[in-house]
Amino acid sequence: MVETSDIRVVRCGGSKVNLTPPIISSDSRFVLCTSGDLVKVYSTRTEEWLHSLQGHTNQVTGITLNPANHLQVYSCSVDGTVKLWDFIDGILIKVQLVSGLCVSACPECFQLVSVHLPKSAEQEVEAKEMSAVSSHISKNPSCTAFGRGVRSVKHIFISFFSLCSFSLKATDKKGAKNAFTCIACHPTDDCIATGHEDGKIRLWRNFIHKKEYTYSTQHWHHNAVNTLCFTPEGTHLLSGGIESVLVQWQYGAGNRKEFLPRLGGSILHISASSDGQLFCTSHSDNKITVIESSFKVCGVIQGLVKGDAVLTDLMIDPRSKALVLNGKPGHLQFYSLLRDKHLYNLDIVQQEYIYEAGLDQFEVVKAAFDIKGSWLATVEERGKKSSDLEFFLKLWAFDERTQSFVLNTTITAAHTDRIISMCFSSSEETTMLVTAAEDSQFKAWCQGADDQNFWSCDFVGSYHKLNPTNCSFSADSSLLAVSFQEVITIWSPDTWEMLTTLCQPPGVIRDLCFGRLSCSKYLLGTTTKNLLCCWNLLTCELEWSTSVDVSKLQPDPFSENVAAFSYQSKHTDLFVFKPSEPRPLFTNKNVCSEKVHRAVFVPREEPLNSCDESTQWLNRSQLYFLTQNMDLLTFSTATEEDRMLSSSKQLVIDDSVAVTPFYLLLGKHRQQQQKLNTQSHPVSDKPQQTQGSLLHTPAHVLPAASVLCSMFVNSFLISNTGVHPLRVKTLVNFPKLMKYELLYL
Amino acid sequence: MCLFCVPMPYIRCVVWIMSVWMWKSPEVLLYCRCSEGREPVFISDMASFKPTKVQFLPKLGEKVTEDTLYWKNYKSPVQIKEFGAVTKIDFSPLAPHNYAVTASTRIHVYGLHSQEPIRSFTRFRDTAYGGSFRGDGKLLVAGSEEGLIRLFDISGRVALRQFTGHSKAVHVTSFLSDGFRVVSGSDDLTFRVWDVPSAVELSSITEHTDYIRALAPSKLNPDLFVTGSYDHTVKVFDMRSGSSVMTMQHGHPVECVLLYPSEALLVSTGGRYVKIWDLLKGGQELVSLKNHHKTVTCACLSSVGNKLLTGSLDRHVKVYNSSYKVVHNFDCDASILSMAVAPDDEVVAVGMTNGVLSVRHRKHKKDKETLTSRRRRGPSYRVFVKGKNFVPRQDDFLVSKPVKQYLRKYDKQLKSFEVSKALDTALQTWTRTSKPEVTVAVIIELNRRGTLKNALAGRNEESLTKILNFLLKHIFDPRFSRPLLTVGDIVLDLYRQVLHQSPVVERQLQRLMEVLGREAELQQELLQVLGILDTLFASLTPRKEVAALAALPVDQGPQLQAA
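If you read the protein sequences in the order shown, they are chains A and B. Residues in the first sequence are numbered consecutively from 1, following the UniProt record's numbering. Residues in the second sequence are numbered consecutively from 1, following the UniProt record's numbering.
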């Protein structure tokens, strides 16, 4: 097997937007945030993603507005570069060319470094002057703050460190959890606010004089204060923590405060726009909330929510073709992979979420769609740690009118123990749900007769009091396979007869799936003892087996192919094969270094027509998989990348205008105008000719003066082809709209 | 002013703010008409408090059907005290539908809605029995303990005729359907037919071997009638032949016989059994019902849908549907001796051994409507209608104000994390008695938040008694037992040190212990029964070999061909 170079693993959408505090442009029109190796630009009004600043080759760790030019932004990255961008047009201006101070907290060493770089006109400059300000700094960006004015920065740093040393004393004295969690500096006053692990906020004053500092304490948060932020005028202090309540303290007015509760996940960062009109909070559920100064939420930018672990499988909603997995606590999220956009959250638990650390709450642990997408089954669970486990099985019907799922049935005690596996029958006529649980039973659930459309139990099956591990329906739903530890039992769902048992010891069955289409006579199973087995259901015999430690077996619903991820010696390999032959179609060694537990085949919008044998399996669907580090990865082929590249060229957005339907209409119009302009350019190359012909032609044969006017004026303009376009843009700094108006004057 | 149009003076802007209803109506409508198509910005009220979910768990037991709803639709009974056991109730077939009630030595005639008798016949020297109307409702016939049969005019007082001949008590009397003859059954084992105009005995037949206690004349044929006797038989007599034409063995002393209006079916009651006979099939038994646990003394048919009602000494009236399943059950205070249903099921009258006549009247929609309409009337109508009939024009934008969320009191307290207060609210008398599921839902919610211990702590004797009472009442309810057991555990943990200080709480805890012990025993017994049943079922199912192997290839056949 040759590892083909035209298929490569790419990181696809849904990277974190909450790693660093988002920044708001000075005119409050844009929000910038880091997202993986990009800097994304969103509109504050419409919450739309406008464009992204591409260029870094690794995780972007910090962004800040250029204090000299408010239309430019600096970004620093793990790849060791600091870049300067024009964020309105999305153009890279300079690399490592900084005139002031920049802070980059590199994750490797967590050192605060002050970089001083010479001014230069060149595009790429190596920074040489570098001074480490301090080491032993937390990675979290809320733990560093700047005071007012560049000159006093040094002072503030010094005092900050004296505070640090003081904090240790304070902890010793009181014995409470006084550790610092975040810091903010007052923009005009000599005041530093610090947040503490026990939820207290301390305001420090007089720290410039040695050992004479004073502080006042304010307490509202009941858990650690995650972040603090002063408004630009310094009249208010904003604080946030795990409670997900944004608290606004009036500066210098003691305990007067305002609250904005239930914002989502716990608040990680707060930032304010330079005019103080907008605030941004970023949350642990990969979300940025835009809040007006009147404490009203006016926009939510939601990324792919990735909690500590994805408990449900990765699924595809058959209707919207969106990726479905559990997102916010107690919710299922629908995420469009094509547009890299969060579609909506479906509230499964329907209970008030209590933002408290260490509280055992309901989590969605299992979910399954039926083949048409008209039914959704979910299992929510609580009490994993304690002995009394609570769980509910819920069935949701798709409502055509509201275009969302509506709760149909709640089953409180579906089983006496945890549900391990769940699947819908795949036939079109009757929908049936099978759940297998640790109480050594599996149950089949059916919808009742016409008058009662709720679900009830139809059949309870068990096999020698063994615990079931997995269940799966065949492609035509004529067979149900339920694995009980080492034994696979085959049942007929029509009569509920056990047809046969298959067994290949040793090893408990881990995964189970039927072949599709031409391979539907095969049943595949993986065991914990590194065995991948394929049974022929016609002969009830083992067809072939191979020794691979398969961590995830994923059949493609649109072809015969089956993908198997195996984890060996600290890296994951992928095998794609057909059940009919044990030789893999495609092998990719070392896909990633972590274990892969979730994978899904996503149907393509339009199939590729690649004839290459190694890429053929990606023609109709695309394989996405989730690693243990919660990275969503996929495979991309060369042809696909070509197509992407060409389409992205078309889609270069010329201005700051959001892409709305309205814009698309207008944009076309503009493009035509642009063409007209370029046509008129050759004329301007020979101005004398045009003017001459215009003057020498009799007036009665000329077209209307209004038609000729622009051409005539154009002919007098000096062509700008010789000047670097970037230069022009930075010099003029006019939006393009203005440019057109100039031309038509 | 309008949010979107203010900066543009040339836009006509119409704003309707119904300030009156800012607090009344859930939705304040705000229309704005713009000459330019600008989309209004909707500011979504994103995260609001999610109220406590009260789990709806279906109660086990009878299902609610149309029949149950129909029979539930009666007012609470009116009790009328009679002088002795009420042995017979008969409704007049004519329009006001008065009814004659035979009790002790009197027969009272009541109007349909009166509680005082409008007429009474008191000229009996001994207990009267079986007062029944003629088909035109003008004459009434009654037997008595002394063996005399008296015939009354409904408007008169004195008996018009007296038929003498029976040597023992006459328990059942009735007119034949021609109206000129009276048939009577007596304890002297005979029944006799009397001519009304001449007051002479037409015939006397002795076929039964025990007391005759049931009689039903045919309404279609004046010569037919059915009798039931303590000799366990039901006989059909034809006066033309002068003897019985059909005999059915009921198997128990027959207390009551009843003919369906079609007269194809016959009902007989006796012992604990109600039996339905098919007369057209020569007296074949159709069904035998055993729903009462004491002697069934009376039966009657409702006039709407011919539903069968039976009353018994076990103090229940049962209503059967057409497939003879019990659909409803009336409970009474004493053993039931007699029962009758008025035409159109307006009234159900039940007579009991303690001399109480209980009369249930049907509820009517009319009554309800008048009540509600009276409540609705008022000056607020004009306010409610204001602005409701406004139809937006085509280019209007509808801006709706977010609906204000109304929360229950305990939810409001939960929202502000006042856990003890929320539990107190949920334990208020009305909630905990009539809606225990709400109380339990709040307890579950508190447990989920991890604050149940805080909510239960720091209570005095009174509120602790309240909680313990709730536990005592509901701890075995399978719907609630799990959360309530947690509450019990926490209460014991919290108050272990101080429990002995209050004798009231101590007594309650002892009761709780007893009750729990009993429940545990019961559970164990049930498990034993389950084990026995399991072995029985296991031995019943035939042992099957794995014969399904052959069937398997058939399933996959077509696909194989396709491959």
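We treat Cβ as the ideally placed atom computed from N, Cα and C, and that holds for glycine.
Check: Residue-level contact to chain B via CB, Gln403(A), 8 Å cutoff; Outcome: no
Check: Coil, strand or helix - Leu537(A) by DSSP; Outcome: coil
Check: Residue nearest to Asp223(B) in terms of C-alpha spacing, selected from Ala340(B), Phe476(B), Gly156(B) and Asp178(B); Outcome: Asp178(B)
Check: Proximity test, Pro478(B) beta-carbon vs the ligand SAH heavy atom, cut-off 7 Å; Outcome: Within the structure as shown, the ligand SAH is missing, as the structure has no ligands at all.
Check: Backbone secondary structure at Ala699(A) - three-state DSSP; Outcome: helix
Check: Short-range partners of chain B found in the stretch 354-375 of chain A, where Cβ spacing is below 9 Å; Outcome: Ile354, Glu356, Gly358, Leu359, Asp360, Gln361 and Phe362
Check: Pair within 8 Å by beta-carbon distance, Ile419(A) and Leu395(A); Outcome: no
Check: Chain B contact for Glu380(A) (CB, 8 Å cutoff); Outcome: no
Check: Straight-line Cα distance separating Pro67(A) from Gln277(A); Outcome: 19 Å
Check: Range covered by the alpha helix (DSSP H) that runs through Arg432(B); Outcome: Thr429 to Ser434
Check: Pairwise C-alpha distance: Asp86(A) and Ser294(A); Outcome: 30 Å
Check: Under 7 Å by beta carbon: chain C residues contacting Lys50(B); Outcome: The structure shown contains no chain C; its protein chains are A and B.
Check: Helix, strand or coil at Cys709(A) [DSSP, three-state]; Outcome: helix
Check: Alpha-carbon to alpha-carbon, Lys83(A) and Ser35(A); Outcome: 15 Å
Check: Any chain A beta carbon closer than 8 Å to residue 593(B); Outcome: No statement about residue 593(B) is possible, as the shown extent of chain B runs from 1 to 563 and does not include it.
Check: Amino acids of chain A, ordered along the chain, whose beta-carbon sits closer than 7 Å to that of Lys325(B); Outcome: In chain order: nothing, as chain A lies at least about 17 Å away.
Check: Residue-level contact to chain A via CB, Gly531(B), 8 Å cutoff; Outcome: no
Check: Burial state of Ser400(B), where buried means 16 or more other Cβ atoms lie within 10 Å; Outcome: exposed
Check: Spatial distance of Leu268(A) from Gly241(A) (CA atoms); Outcome: 7 Å
Check: For Val226(B), the residue or residues it bridges with in DSSP; Outcome: Ala216(B) and Val236(B)
Check: Under 8 Å between C-beta atoms of Leu466(A) and Gln485(A); Outcome: yes
Check: Straight-line Cα distance separating Val10(A) from Asp89(A); Outcome: 26 Å
Check: Residue-chain proximity (residue 565(B), chain A), Cβ-Cβ < 8 Å; Outcome: This structure cannot speak to residue 565(B), because chain B is shown only from 1 to 563.
Check: Rounded distance between the beta-carbons of Thr235(A) and Tyr251(A), thought under 8 Å; Outcome: 6 Å
Check: Closer than 8 Å at the beta carbon, the chain A residues around Lys53(B); Outcome: Gln350 and Gln351
Check: Residue range of the unbroken beta strand (DSSP E) whose run includes Arg382(A); Outcome: Trp375 to Arg382
Check: Minimum C-alpha distance to Val600(A) - residue among Gln568(A), Ser636(A) and Asp556(A); Outcome: Asp556(A)
Check: Neighbourhood of Asp45(B) by C-beta, 8 Å cutoff - its chain only, sequence neighbours within 5 removed; Outcome: Note that Asp45(B) scores 38 on pLDDT, short of 50, meaning its location in the model is unreliable; the coordinates nonetheless yield the value given after this. Closer than 8 Å at the Cβ level, and outside the excluded window around Asp45(B), lie Pro402.
Check: Pair within 8 Å by beta-carbon distance, Ser547(A) and Asn536(A); Outcome: no
Check: Collapsed DSSP secondary structure at Leu304(A) in the structure displayed; Outcome: coil
Check: Asp396(B) - containing beta strand (DSSP E), residue span; Outcome: Asp396 to Ser400
Check: Contact check, Phe514(A) vs Ala475(A), beta carbons under 8 Å; Outcome: yes
Check: Cα-Cα separation between Asp439(A) and Asp417(A), rounded to whole angstroms; Outcome: 5 Å
Check: Short CB-CB distance (under 8 Å) between Cys34(B) and chain A; Outcome: With a pLDDT of only 34 at Cys34(B), under 50, the local geometry of the prediction cannot be trusted, and no value is derived from it.
Check: Beta-carbon proximity of Ala444(A) to Phe459(A), cut-off 8 Å; Outcome: yes
Check: Under the three-state DSSP convention, the category Met513(B) falls into; Outcome: helix
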